[in-house]
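Asks:
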Amino acid sequence: MNSGFTHITVLLEEAVEALAVRADGCYLDGTFGRGGHSRLILQNLGPDGRLLGFDKDPQAIATGQALAAEDGRFVIVQRSFAELGSEALERGIAGKVSGILLDLGVSSPQLDDPERGFSFMNDGPLDMRMDPTRGISAAEFVNSAPAEEIARVFKEYGEERFARRMAGAVVARRETQPFERTADLAEVLKVANPAWEKGKNPATRAFQGLRIHVNNELGDLEAGLEAALEALEIGGRLAVISFHSLEDRIVKLFMRKLVKGEADNMPRNLPIRHQAFEPRIKLIGKAQFASDEETRANPRSRSAVMRVAEKLR
Ligand SMILES: C[S@@+](CC[C@H](N)C(=O)[O-])C[C@H]1O[C@@H](n2cnc3c(N)ncnc32)[C@H](O)[C@@H]1O
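When we follow this note's numbering, the leftmost residue of the sequence shown carries the number 52, and every step to the right adds one.
1. Just the C-alpha distance for Arg-232 and Glu-207, rounded to the nearest angstrom, thanks.
2. What did DSSP end up calling Ser-188 once you bin it into helix, strand or coil?
3. May I ask you to check if the CB of Ala-117 is nearer than 7 Å to at least one heavy atom of ligand 1?
4. So, with DSSP's three-state summary, where would you put Ser-293?
5. Span of the alpha helix (DSSP H) holding Leu-269?
6. Does any heavy atom of ligand 1 sit closer than 7 Å to the C-beta of Phe-56?
7. Where do the ends of the alpha helix (DSSP H) carrying Val-73 lie?
8. Measuring straight from C-alpha to C-alpha, what distance separates Pro-197 and Pro-109?
9. Skipping 5 residues on each side, what residues in its chain have a beta carbon closer than 7 Å to that of Leu-63?
10. Hey, quick one: how far does the beta strand (DSSP E) through Phe-230 stretch, first residue to last?
11. Are the beta-carbon atoms of Ser-188 and Asp-178 separated by less than 8 Å?
12. Assign Pro-176 to one of three DSSP states: helix, strand, or coil.
13. Ends of the alpha helix (DSSP H) at Ile-59?
14. Looking at the unbroken beta strand (DSSP E) that takes in Leu-152, where does it start and where does it end?
15. Hey, could you find the ends of the beta strand (DSSP E) Glu-361 is sitting in?
16. Cβ-heavy atom distance between Phe-340 and ligand 1 below 7 Å?
17. I think Leu-103 touches Val-291, with their Cβ atoms under 8 Å apart; what is that distance to the nearest whole Å?
18. Please confirm whether any heavy atom of ligand 1 lies closer than 7 Å to the CB of Val-242.
19. Kindly list the residues whose CB is nearer than 7 Å to the CB of Asn-244, restricted to its own chain and excluding five residues on each side of it in sequence; keep chain order.
20. Which partner residues does Gly-104 have in the DSSP bridge list?
21. Does the region 261-270 come into contact with the region 114-121, if we say contact requires no fewer than three beta-carbon pairs (one atom in each stretch) closer than 8 Å?
22. Under 7 Å from any heavy atom of ligand 1, does the C-beta of Arg-85 make it?
23. Go ahead and label Phe-328 buried or exposed: buried means 16 or more other beta carbons lie within 10 angstroms of its beta carbon, across all protein chains shown.
24. Could you give the distance in angstroms between the alpha-carbon of Ala-257 and the alpha-carbon of Ile-112?
25. At a cut-off of 7 Å, is Gln-161 close to ligand 1 when judged by its beta-carbon and the heavy atoms of the ligand?
26. Checking the sheet assignment: what are the DSSP bridge partners for Leu-93?
27. Just mark Asn-53 as buried or exposed, buried being the case when its beta carbon has 16 or more other beta carbons within 10 Å.
28. What first and last residue would you give for the alpha helix (DSSP H) that runs through Ile-112?
29. Taking the continuous alpha helix (DSSP H) assigned at Leu-162, which residues delimit it?
30. Does the beta-carbon of Ser-131, which I'm using as the reference point, lie nearer than 7 Å to any heavy atom of ligand 2?
31. Give the DSSP-derived three-state secondary structure of Phe-328 in the structure shown.
Here it is, written out as structure tokens:
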């Protein structure tokens, strides 16, 4: 399936370098997308190396299947990376994975294709699901959820200051006509938003909130990070690329907790095994950003931040 929409891979060389790919290693790409990172990982693998790709999106899966047909070292599954622990167990690679990459969020084809319903710029059906066969669409959510829940999603996941007011407008409008299209919702949000930020569509934050909610993006990230830690072998690498502060905060706190050792967060009077004081990971370098050259060529890379860790135990 080739939709004609393309995705420019962000931090391509940097992410694959961060994984320190071993020719005979076993790697997981939790967010295959259009396979930019996966292809470069495969180039660094020898004949005994293996790569397992995950994606929720049917078009990403179709691209992955075409790649798997050409390259016997690669397999793709339509599954959330939140479930990579079960997948690793089923394949007998739990605790044996040499490197895991998560390049979070949506791909450009998902945003650019109006039919996927992510865009307030191009009108389309109000869907926003990465996997349109699972869960509820954005339209179902805004047409049925209580106003407080919609406001929470706009505020917590979209960091929208006028969340309550905008959620109120959505609920008032759906009484007479339920939402079906992205442009219709964007228009209602625009009118309800009293403070337009310069250079930003007034529906941007609310749309981001809806997308994160509909795809359970933050819940999947938390589960995926825990699962990744268990799936890695000692010395295995985890590289995570985030695109907004909510994601990056989760990644940063997760890594910080493991660098300190679990005991750091426990009450002082509890008896604690010696091992609990030892770090489970070490950080590899500092947070990494796209170069000026990359941000000029691909504006989407401007918000990218990559954090890398190595499993110690
Ligand atoms: C930024 S793109 C990845 C692009 C890819 N690295 C490339 O170079 O082509 C993110 C991809 O991850 C997928 N995705 C997001 N969250 C996911 C999850 N929890 N599980 C599996 N796939 C996910 C999206 O469907 C999308 O295709």
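C-beta atoms are modelled at their ideal positions from N, C-alpha and C, and glycine is treated no differently.
Replies: Put simply:
1. 23 Å
2. coil
3. no
4. strand
5. 268-282
6. no
7. At residue 73 the sequence reads Arg, which differs from the Val that was named. Per DSSP, Arg-73 belongs to no alpha helix (DSSP H) and is neither H nor E.
8. 31 Å
9. Gly-87, His-88, Leu-91
10. Unbroken run through Phe-230: none, as it is neither H nor E.
11. yes
12. strand
13. Premise fails: Ile-59 is in no alpha helix (DSSP H) and is neither H nor E.
14. 148-154
15. 356-362
16. no
17. About 17 Å; that fails the 8 Å criterion.
18. no
19. Phe-213, Met-217, Pro-253
20. Asp-80, Ile-127
21. no
22. yes
23. exposed
24. 28 Å
25. yes
26. According to DSSP, Leu-93 bridges with nothing at all.
27. The predicted position of Asn-53 is uncertain, since its pLDDT is 49 and thus under 50; a value taken from the coordinates is nonetheless stated next. Its Cβ having fewer than 16 others within 10 Å, Asn-53 is exposed.
28. 109-121
29. 159-163
30. This structure lacks ligand 2; the ligands present are ligand 1.
31. helix
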